[in-house]
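Structure record follows, encoded as structure tokens.
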């Protein structure tokens, strides 16, 4: 790996821009120098914008991607968790609709004796964010200083917080620039952004949940697999154990979409109940985390162990402990009505009979944004109470007039807009749809190996 | 053509960046909106930098190139020369070493009754600039306000000035950004930059001198022909008569390189003398200008006419008149020693016998920059007196110890550096080189037609 102190004599941003523009491979030292100079304010936005666009259109080699990740990682603080005498494992999802697995996984895996230091993000666009969900728990603090984060982690084995200014500041600055220069959609840049933040957590191993389907950023399995492979290889180059699961996002995960509603569903799963797809995916991801964290000798064993931790209430206890340590009100676990509640509910009804054949999944997320439960822009605030509860999922029969979903809302006008969108995006067909898409499409473990 | 007032509803720079990034064609209205918003300071540098890089790597269609040219043209003032009852023709060169044809052509073509409104640039890198050459004439003012420029043009038929703030301000701003973002080297952007400034001169017709060879920006004939074709088509789309000559820049044009030295050589040509290649190219370019300006019925007739205007002294008289009108000292024409003179001269001698087989032509220009006769950066000042006088050109025999070139210098240290570089860049071979490269490689007149 590049030493973060690698230097380039007479570094000039223009040379690095031209080299990438002409399709030549940059050295680790060149990438490191560019990232450092940008973070230090010595290279202006416009030069980095030109370089980013060249990187998007010319692509990056594996070595360049790892060097960029490394440079971004070392632009800030890297947590040293060596004082904890256990394995440290995290999970990261590329984002979807109704994806609340992080809230189950952190306490579940911590209950098995593995440390889970989870630094998460907020929702943007059609996808929800872990921090927004956690904040629907009254009092829950997602802005922990790193010292406090370490204490919570040490005490209960898991801690969940937002990205602080100390973690990968280069990513923060680069992401803001990418957002306004049309350079977000590059697997290389996405990989470096995700992996630099995850590596800063001081973990040994990482399980990646790469979503694919109509509700994911990567709509096609090919694009999702490419990104997954890239992240796995980058993690390996940086000396970490990384596994990526390509999982289905062609319909919302579970039944609930919206911050407080999703926490309620998380509590259901932590009580050993909850919808099958959500519970199954949590167990699958937890099993890989346990396996990489050496808490079991195989993934099947990890699944059994995870199921027991849910059924025994040990995972729920761990969640309770973390909520208390992060100043949240643990009584929501016993009485979910203490979570924010919307004032009104209305059903979206089927206009014909048949079977639910598919979801325009991204639009379900958008319907939640319309209700006020998500963000169109970073600076928007969210209403934790609103959301959507699906009454039907793909493959289920439905009669005309029967509810397809229930909207929880605080504004009649917004509910009407969300209702129209939901009516359009839940597709009913006369025929029963064919074989369901599997929950886990692929597992990607190392170069070229997929099973 | 795009009306300059074409608008895009809800214009967002990010949409235009993404569209170009994805290889889709932008509309004239989108390009117009982007250029206007940038010129007005409503779109930041970093968004335009990303767009420029996408345009470099994705390329631009003919319609996009013309729309960009048009938008840049209409970002500022377009001269209205309709008050002059004659045809208006200009010439533009893509730049080379020892290329002083503009100073011959403006008075020569004006002497034939055609108006030549010439807005020129300064030297940068290895190529010289018309304004720097003119300024070596004591008192000569190249910063004419547009009103004064029009008066000089009306009085003597030609006028030569620098780009004012009123002309194509979008080009000025875009060029400065391209210079620092690695987005200079794109034929589409080069075409729009050149053509927008030339179209602002209020001309009917334009002769383009596109240089190719080791001293040109376009080293290969293929690249030069592509740019020439693009500029000819863009001019035609904008309703102008445009012809491009691909001319040789594999060795310096004429014998003199350096500002005052080149003016001396210009005076020689205007007196009917001067080196063959320079005189022949001036006559060739003048003939095309006369032909497009309808002062003759064919290019051969134009050549005869041009030769007569040189031999009769009428072209020189016109130059004298323009120098007087632009506050210069016309006595330099009768006594070139009134031009700035370097304090010292030294010969660069051949280290072996044989034939001059080739020049690393760009390095001859660089040797002049080293002496102080050109600019490495825009803000550098130039020494008008220094330069290089070639004693040999390609194909000529040479004996060891014979002078290849004479350096005119004001600094021993700089002369020593220039001398070493010149020794390296004039190649001597034992065999006489084969057939000389022609002076004019191709004439490009309209879509696909080259003769």
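Residue numbers (this note's numbering), protein chains in the order written: chain A, 2 to 452; chain B, 2 to 452. No residue lacks a Cβ here, since even glycine has one placed at the ideal position from N, Cα and C.
Do residue i and residue j have their C-beta atoms closer together than 8 angstroms?
i: residue 211 of chain B; j: residue 193 of chain B; result: no
i: residue 190 of chain A; j: residue 405 of chain A; result: no
i: residue 320 of chain B; j: residue 334 of chain B; result: yes
i: residue 74 of chain A; j: residue 206 of chain A; result: no
i: residue 134 of chain B; j: residue 109 of chain B; result: no
i: residue 323 of chain A; j: residue 208 of chain A; result: no
i: residue 32 of chain A; j: residue 183 of chain B; result: no
i: residue 1 of chain B; j: residue 46 of chain B; result: Absent from the structure is residue 1 of chain B, since the part of chain B shown begins at 2 and ends at 452.
i: residue 399 of chain B; j: residue 351 of chain B; result: yes
i: residue 442 of chain B; j: residue 247 of chain B; result: yes
i: residue 116 of chain B; j: residue 85 of chain B; result: yes
i: residue 373 of chain A; j: residue 384 of chain A; result: yes
i: residue 288 of chain B; j: residue 307 of chain B; result: yes
i: residue 177 of chain B; j: residue 50 of chain A; result: no
i: residue 463 of chain A; j: residue 269 of chain A; result: Summary: the structure shown does not reach residue 463 of chain A, with chain A confined to residues 2 through 452, and so no result is reported for it.
Check residue i in the structure and name its three-state DSSP category.
i: residue 440 of chain A; result: coil
i: residue 13 of chain B; result: coil
i: residue 163 of chain A; result: strand
i: residue 450 of chain A; result: Here the model assigns residue 450 of chain A a pLDDT of 40, short of 50, so the residue's position is not dependable and the matter cannot be decided.
i: residue 27 of chain B; result: coil
i: residue 296 of chain A; result: coil
i: residue 275 of chain B; result: coil
i: residue 168 of chain A; result: coil
i: residue 313 of chain A; result: coil
i: residue 431 of chain B; result: coil
i: residue 4 of chain B; result: The predicted model places residue 4 of chain B with a pLDDT of 42, which falls under 50 and marks its position as unreliable, so this point remains unresolved.
i: residue 21 of chain B; result: helix
i: residue 445 of chain A; result: strand
Using a Cβ cut-off of 8 angstroms (strictly closer), state whether residue i contacts chain E.
i: residue 339 of chain B; result: No chain E is part of this structure, whose protein chains are labelled A and B.
For the ligand MG, I want to know if residue i counts as a neighbour, meaning its beta carbon is within less than 7 angstroms of at least one of the ligand's heavy atoms.
i: residue 419 of chain A; result: Inclusion of the ligand MG in the displayed structure is not the case, the ligand content being empty and no account of it being possible.
Against chain B, which members of the segment 178-211 of chain A pass a CB distance test of less than 7 angstroms?
Answer in chain order: 178, 181, 182, 183, 184.
Looking at chain B, which residues of the segment 38-50 of chain A have a Cβ within less than 9 angstroms of any of its Cβ atoms?
Legend: CB atoms of the segment 38-50 of chain A lying less than 9 angstroms from CB atoms of chain B belong to residues 45, 46, 47, 48, 49, 50.
Three or more beta-carbon pairs under 8 angstroms between the segment 276-290 of chain A and the segment 249-257 of chain A, yes or no?
Counting C-beta pairs closer than 8 angstroms gives three or more between the segment 276-290 of chain A and the segment 249-257 of chain A, which meets the contact rule.
Between the segment 403-423 of chain A and the segment 333-344 of chain A, are three or more C-beta pairs nearer than 8 angstroms?
Yes: the two stretches touch, three or more of their Cβ pairs being nearer than 8 angstroms.
At 4 residues or longer, what runs of the alpha helix (DSSP H) sit wholly inside the segment 323-403 of chain B?
Taken in chain order, the complete alpha helix (DSSP H) segments of 4 or more residues contained in the segment 323-403 of chain B are 362-372.
Against chain B, which members of the segment 49-68 of chain A pass a CB distance test of less than 9 angstroms?
Residues 49, 50, 51, 52, 53, 54, 55, 57, 58, 59.
Quick one: which residues of the segment 11-24 of chain A get their C-beta closer than 7 angstroms to a C-beta of chain B? List them in chain order.
The residues in question are 15, 18, 19, 22.
List, from N- to C-terminal side, the alpha helix (DSSP H) runs of 4 residues or more that fit wholly inside the segment 64-127 of chain B.
Counting only runs of 4 or more, we get 102-111.
Could you tell me which whole alpha helix (DSSP H) segments of length 4 or greater appear in the segment 128-164 of chain A?
The qualifying runs are 131-136, 147-157.
Which ranges would you report for the beta strand (DSSP E) in the segment 231-268 of chain A if only whole runs of at least 3 residues count?
Fully enclosed beta strand (DSSP E) runs of 3 or longer: 242-249.
In chain order, each alpha helix (DSSP H) run of at least 4 residues that lies wholly inside the segment 184-227 of chain B:
For the segment 184-227 of chain B, whole alpha helix (DSSP H) runs of length 4 or above, ordered along the chain, are 188-200.
State whether the segment 171-191 of chain B contacts the segment 228-237 of chain B, with contact taken as three or more CB pairs (one from each stretch) at a distance under 8 angstroms.
Yes: the two stretches touch, three or more of their Cβ pairs being nearer than 8 angstroms.
Would the segment 146-158 of chain A and the segment 345-363 of chain A be scored as touching if the rule is three or more Cβ pairs under 8 angstroms?
Taking 8 angstroms as the limit for Cβ pairs, the verdict is that the segment 345-363 of chain A does not touch the segment 146-158 of chain A.
Is it a yes or a no for the segment 352-369 of chain B touching the segment 155-165 of chain B, going by three-plus beta-carbon pairs under 8 angstroms?
Two segments are said to touch when three or more pairs of C-beta atoms, one from each, lie closer than 8 angstroms; by this definition the segment 352-369 of chain B does not touch the segment 155-165 of chain B.
Check whether the segment 167-177 of chain A touches the segment 73-89 of chain A, taking contact to mean three or more Cβ pairs, one atom from each stretch, closer than 8 angstroms.
Touching, per the Cβ criterion.
Measuring CB atoms only, is the segment 416-430 of chain B touching the segment 364-372 of chain B, in the sense that at least three cross pairs come out at less than 8 angstroms?
In short, these stretches touch, since the Cβ pair count reaches three.
Decide if the segment 26-41 of chain B is in contact with the segment 26-41 of chain A; the criterion is three or more beta carbon pairs, one per stretch, under 8 angstroms apart.
No, they do not touch.
Would you call the segment 118-136 of chain B and the segment 236-245 of chain B in contact, with 3 or more CB pairs under 8 angstroms?
Look at the beta carbons and you see the segment 118-136 of chain B not touching the segment 236-245 of chain B: under three pairs across the two are nearer than 8 angstroms.
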